[in-house]
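Engineer: So the sequence lines, in the order shown, correspond to chains L and E. Take 1 as the starting number for the first sequence in my numbering and just add one per residue. Take 1001 as the starting number for the second sequence in my numbering and just add one per residue. Idealized CB from N, CA, C, for every residue including glycine. These figures come from a predicted structure and were not determined experimentally. So that we are looking at the same thing, I have put the structure below in structure tokens.
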Amino acid sequence: MELFSNLILGFSVALSLQNLWFCFIGVFVGTLIGVLPGIGPLATIAMLLPITFNVPPVSALIMLAGIYYGAQYGGSTTAILVNLPGETSAVVTCIDGYQMARQGRAGPALAVAAIGSFIAGTICTLVIALFGPPLAEMALKFGAPEYFSLMLMGLVTAAVLAHGDMVKSLAMVVVGLLLGIVGTDVNSGMSRFAFGIAELTDGIGFVVLAVGVFAVSEIVSNLGEHEERQVFTSKVSNLWLTWKEFKQSFGPIMRGTGVGAFFGVLPGTGPAIASFSSYMIEKKVSKTPERFGKGAIEGVAGPESANNADAQCKFIPTLTLGIPASAVMALMLGALTIQGIAPGPQVMTQKPELFWGLIASMWIGNLMLVILNLPMIGLWVSLLKVPYRMLFPAIMVFSCIGIYSVNNSTMELYLAALFGVLGFLWLKLECAAAPMLLGFVLGPMMEENLRRALLISRGDPMVFIERPISLGFIIATVLILIIMAAPAIRKRREQITDAA
Amino acid sequence: MKVELRENRDFLSGLMFIVIGLGAIFIARDYPVGSALRMGPGYFPVALGGILFLMGIYVMVQGLIKKEKVKGNWSLRALVILPLAVIVFGLMVERTGFVPALIVLALLSATAGREFKFVEMLILAIALTAACVALFIYGLGMPYPLFGGH
């Protein structure tokens, strides 16, 4: 079986001492920032991206991925224990998880979150192993029109499913596309939007934009809010599930995994949407919906499995098509590019050890999270006592070193300062920045594919609807737009994104 | 309820999109547009600028109808100090070396917070700098001089 030989290859890569170490650092740092509110995986990965220069590509990706799913995990710990979602995806976990903790059932709540995440992670590892190769094979046949339509679909989904107003999110995508244009045009050699600044002829650095918009502006915003964090730690005992609790949680874990996997492969959706949808479903199918909100274990098991499944399945479109499915995934592709590997469907065939090593490491990382973190919960909670006034200067220091070390360019630091201000403006005006980042990454690829497609078709735009796969993507894009613009759904979407 | 234009969230968002869109078209006005068959470097930017302009008008009108206010405060202090700290770090790092630049960066950033205790922050700045030197210079071998310019 090819599947098994692939997985064996993956595990042989992931189980090397070096990669185990990087996996451990990744999930450790991930849990750390997941526990700490005010810093998310996006900013962390952006800051640490330059560090991965000196590390082999597989190890770099393994570590960055570990940060990503580790953060989902850490976020749930604080949600349950102190009613404080470390990450947005853990907002839903607060509802029933914190109630459970207050009833003295913090142990089972933490255990079910960990076990649910692990089961979801295991299933998704298999899903990726099963569906990755055929998808990549299909993608290898894609021409310029297919790629253009696919990216269009990705950007539109990213925008309509983002938090806040749909048109504003779409406009932010366009802003991102425009930012992506900055630099030298590959076809004509002409430098565009560079304002005569030499550094800009190479384009805006990815790290610069991400750190400026997601790290610096977040701190500004956090310092503006009056936040009094009260840490009250309920005693955690009995970190295990009874048979009854396990039976209660099994269905929600499975359904949550399904929901998460579904939203995971959809480009543009964040884990918050997956976990919220899972919560709604569990409440619907439950025979005793009145228990929800009062410490129902299903309300923790489902969403926690869903957000982990979502986080892992985001790697499917990212690795097989080379299309980042979320802003964090865009950073992963950025890490690949830094290493000199062009993202795309060819990665899986040309660098199988990279693809399968990463997949296997995710399973190992999930196992590490369960084994290492349940006993370490006390440590994580005590971390919450670190006041923000000591935390944010550290984030600033790491951010600046991160930016400077990419190209040893001070100009990029000044640019990041500018993006920090812009990012804060967007935050205040509630213009979602994540779709902008996707637009920024996909911008140059989209322009290139648009040009190529129209060159092949001799300038006839019908090429996008004459080719069946491309037509499929276009129809899907239009459908998504129509459905989301329909008043009833629009209202419902606002409720969901507001809550999430 | 009367909402001033300068605190009307979507009016301002729309205005921003219009400015960016028109700005893009203005800057790209001299880039050859070419034709659909052979797109010049100006084609994509001008098209995007146009789309953004139209979206901006829509968002602006929505703002005039919905009249949503900007939430929270503008935290001007942090908004000025933090980008400034990044810029100061940029100015210092190649002139004074890694260590002084980092200490100033940490201290200056810290003043953006609501409470600033100098001694505590000085200790924090020194500890952070030491950690960064250990991690980045010795650990990862980044080639920056600790003191002095290059």
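Quick check: the region 298 to 315 of chain L against the region 248 to 257 of chain L, are there 3 or more CB pairs under 8 Å?
Structural biologist: Segments in contact, yes.
Engineer: Among all the DSSP beta bridges, which residues are the ones paired with M1039/E?
Structural biologist: Numbered from 1 along the second sequence, position 39 holds the residue referred to as residue 1039/E. DSSP output for M1039/E lists G1034/E as bridge partner(s).
Engineer: Determine the direct distance from the alpha carbon of S191/L to that of A1134/E, and round the result to whole angstroms.
Structural biologist: Locating residue 1134/E in the second sequence gives position 134, counting from the first residue. Locating residue 191/L in the first sequence gives position 191, counting from the first residue. Rounded to the nearest angstrom, the two C-alpha atoms are 40 Å apart.
Engineer: Can you list, in chain order, the residues of its chain with a C-beta nearer than 6 Å to that of I123/L? Leave out the 5 residues immediately preceding and following it.
Structural biologist: Here residue 123/L is taken as the residue at index 123 of the first sequence, counted from 1. Excluding sequence neighbours, I123/L sits near T257.
Engineer: Would you grab the beta carbon distance between W380/L and G107/L for me? Rounded to a whole angstrom, and I think it's under 8 Å.
Structural biologist: On the first sequence, residue 380/L is found 380 positions in, with the first residue counted as 1. On the first sequence, residue 107/L is found 107 positions in, with the first residue counted as 1. Contact doesn't hold; Cβ gap of about 15 Å is too wide.
Engineer: Exposed or buried, what is F4/L when buried is set at 16 or more other beta-carbons lying within 10 Å of its beta-carbon?
Structural biologist: Taking the first sequence and counting its residues from 1, the one referred to as residue 4/L is at position 4. Exposed, since its Cβ has fewer than 16 Cβ neighbours within 10 Å.
Engineer: Taking Cβ positions, are A1110/E and F1116/E nearer each other than 8 Å?
Structural biologist: By 1-based counting over the second sequence, the position of residue 1110/E is 110. By 1-based counting over the second sequence, the position of residue 1116/E is 116. Going by C-beta atoms, A1110/E is nearer than 8 Å to F1116/E.
Engineer: Between V156/L and I480/L, is the Cβ-Cβ spacing less than 8 Å?
Structural biologist: Here residue 156/L is taken as the residue at index 156 of the first sequence, counted from 1. Here residue 480/L is taken as the residue at index 480 of the first sequence, counted from 1. Result yes, Cβ atoms of V156/L and I480/L sit closer than 8 Å.
Engineer: Mark A500/L as exposed unless 16 or more other C-beta atoms lie within 10 angstroms of its C-beta, in which case mark it buried.
Structural biologist: Taking the first sequence and counting its residues from 1, the one referred to as residue 500/L is at position 500. Reliability of the predicted coordinates at A500/L is poor, the pLDDT of 44 falling under 50, and no value is obtained from them.
Engineer: Taking 8 Å as the CB-CB cut-off, is F1118/E touching chain L?
Structural biologist: Position 118 of the second sequence, counted from the start, is the residue given in the question as residue 1118/E. No - not a single Cβ of chain L is within 8 Å of the one on F1118/E.
Engineer: Does C431/L get closer than 8 Å to chain E when you measure Cβ to Cβ?
Structural biologist: In the first sequence, counting from the first residue as 1, residue 431/L sits at position 431. Interface residue, yes.
Engineer: For G459/L, is the classification buried or exposed, using 16 other Cβ atoms within 10 angstroms of its Cβ as the cut-off for buried?
Structural biologist: The sequence position of residue 459/L within the first sequence is 459, counting from 1. Looking at its Cβ environment, which holds fewer than 16 other Cβ atoms inside 10 Å, G459/L is exposed.
Engineer: Tell me where the alpha helix (DSSP H) around G295/L begins and ends.
Structural biologist: In the first sequence, counting from the first residue as 1, residue 295/L sits at position 295. Note, G295/L: premise wrong, no alpha helix (DSSP H); not H, not E.
Engineer: Are R389/L and G1072/E closer than 8 Å when you measure CB to CB?
Structural biologist: Here the question's residue 389/L lines up with position 389 in the first sequence. Here the question's residue 1072/E lines up with position 72 in the second sequence. Not in contact: R389/L and G1072/E (Cβ atoms no closer than 8 Å).
Engineer: Measuring straight from C-alpha to C-alpha, what distance separates A416/L and L140/L?
Structural biologist: To locate residue 416/L, count along the first sequence from 1; it is residue 416. To locate residue 140/L, count along the first sequence from 1; it is residue 140. So the alpha carbons of these two residues sit roughly 36 Å apart.
Engineer: Listing by chain order, which chain E residues have their CB less than 7 Å from the CB of D185/L?
Structural biologist: Here residue 185/L refers to the residue found at position 185 when the first sequence is read from its first residue. P1041, listed in chain order.
Engineer: Report the start-end ranges of each alpha helix (DSSP H) in the region 31 to 61 of chain L that is 4 residues or longer and not cut off at the edges.
Structural biologist: Taking only runs of at least 4 residues, the alpha helix (DSSP H) segments lying wholly in the region 31 to 61 of chain L are 41 to 48.
Engineer: Which residues in chain E have a C-beta closer than 7 Å to the C-beta of I51/L? List them in chain order.
Structural biologist: Taking the first sequence and counting its residues from 1, one reaches residue 51/L at position 51. Chain E residues near I51/L: L1140.
Engineer: Helix, strand or coil: which one does DSSP assign to S1075/E?
Structural biologist: Position 75 of the second sequence, counted from the start, is the residue given in the question as residue 1075/E. Here S1075/E sits in coil by DSSP.
Engineer: Tell me the DSSP bridge mates of G183/L?
Structural biologist: For this step, residue 183/L is matched to residue 183 along the first sequence. G183/L is bridged to R192/L.
Engineer: State yes or no: is the beta carbon of I1126/E nearer than 8 Å to at least one beta carbon in chain L?
Structural biologist: By 1-based counting over the second sequence, the position of residue 1126/E is 126. Judged by the 8 Å Cβ criterion, I1126/E is not in contact with chain L.
Engineer: When the Cα atoms are used, what is the spatial distance from I474/L to F1136/E?
Structural biologist: Residue numbering aside, residue 474/L sits at position 474 when the first sequence is read from its first letter. Residue numbering aside, residue 1136/E sits at position 136 when the second sequence is read from its first letter. Approximately 47 Å between the Cα atoms of the pair.
Engineer: Closer than 9 Å, Cβ to Cβ, to anything on chain E: give me those residues from the region 391 to 404 of chain L, in chain order.
Structural biologist: Listed by position along the chain: F392, P393, A394, I395, M396, V397, F398, S399, C400, I401, I403 and Y404.
Engineer: Should D310/L and A342/L be called a contact, given that it needs their Cβ atoms to be closer than 8 Å?
Structural biologist: Your numbering for residue 310/L matches position 310 in the first sequence. Your numbering for residue 342/L matches position 342 in the first sequence. Cβ distance not < 8 Å, so D310/L and A342/L don't count as in contact.
Engineer: Restricting to Cα atoms, I'd like to know which of T93/L, G176/L, L331/L and F292/L is closest to T52/L.
Structural biologist: Translated into the one-based positions of the first sequence, residue 52/L becomes position 52. Nearest C-alpha to T52/L: L331/L.
Engineer: Here's the rule I'm using: 16 or more other beta-carbon atoms within 10 Å means buried, otherwise exposed. How should P317/L be labelled?
Structural biologist: As a working mapping, residue 317/L is identified with position 317 in the first sequence. Under this definition P317/L is a buried residue.
Engineer: Report the option in L48/L, L321/L and A79/L whose CA atom is closest to the CA atom of G502/L.
Structural biologist: As shown, chain L starts at 1 and ends at 500. That puts residue 502/L outside it, with no answer to give.
Engineer: Does any residue of chain E have a CB that is nearer than 8 Å to the CB of G459/L?
Structural biologist: Taking the first sequence and counting its residues from 1, one reaches residue 459/L at position 459. Chain E contact via Cβ: present.
Engineer: If you run the structure through DSSP and keep just helix, strand and coil, what is K1066/E?
Structural biologist: As a first step, residue 1066/E must be located in the second sequence, where it is residue number 66. Three-state DSSP puts K1066/E in a helix.
Engineer: Using CA atoms only, rank isn't needed, just tell me which of A476/L, M445/L, F424/L and P468/L is closest to F548/L.
Structural biologist: Nothing about residue 548/L can be reported from this structure: the residues present for chain L run from 1 to 500 only.
Engineer: Please return the same chain residues whose Cβ sits closer than 7 Å to the Cβ of A335/L, not counting the five positions on each side in sequence.
Structural biologist: Numbered from 1 along the first sequence, position 335 holds the residue referred to as residue 335/L. L49, T52, A60, L61 and L64.
Engineer: Taking C431/L and M172/L to be in contact with their CB atoms under 8 Å, please state how far apart those CB atoms are, rounded to whole angstroms.
Structural biologist: Counting from one through the first sequence, the residue named residue 431/L turns up at place 431. Counting from one through the first sequence, the residue named residue 172/L turns up at place 172. Sure, about 5 Å apart at Cβ, within 8 Å.
Engineer: According to DSSP, is N1008/E helix, strand or coil?
Structural biologist: Stepping through the second sequence from its first residue, residue 1008/E is reached at position 8. Of the three classes helix, strand and coil, the one that applies to N1008/E here is strand, per DSSP.
Engineer: Cα separation between F263/L and P1100/E?
Structural biologist: By 1-based counting over the first sequence, the position of residue 263/L is 263. By 1-based counting over the second sequence, the position of residue 1100/E is 100. Going by the C-alpha atoms only, they are around 47 Å apart.
Engineer: Between which two residues does the alpha helix (DSSP H) containing S149/L stretch?
Structural biologist: Numbered from 1 along the first sequence, position 149 holds the residue referred to as residue 149/L. That run of the alpha helix (DSSP H) goes A144 to V160.
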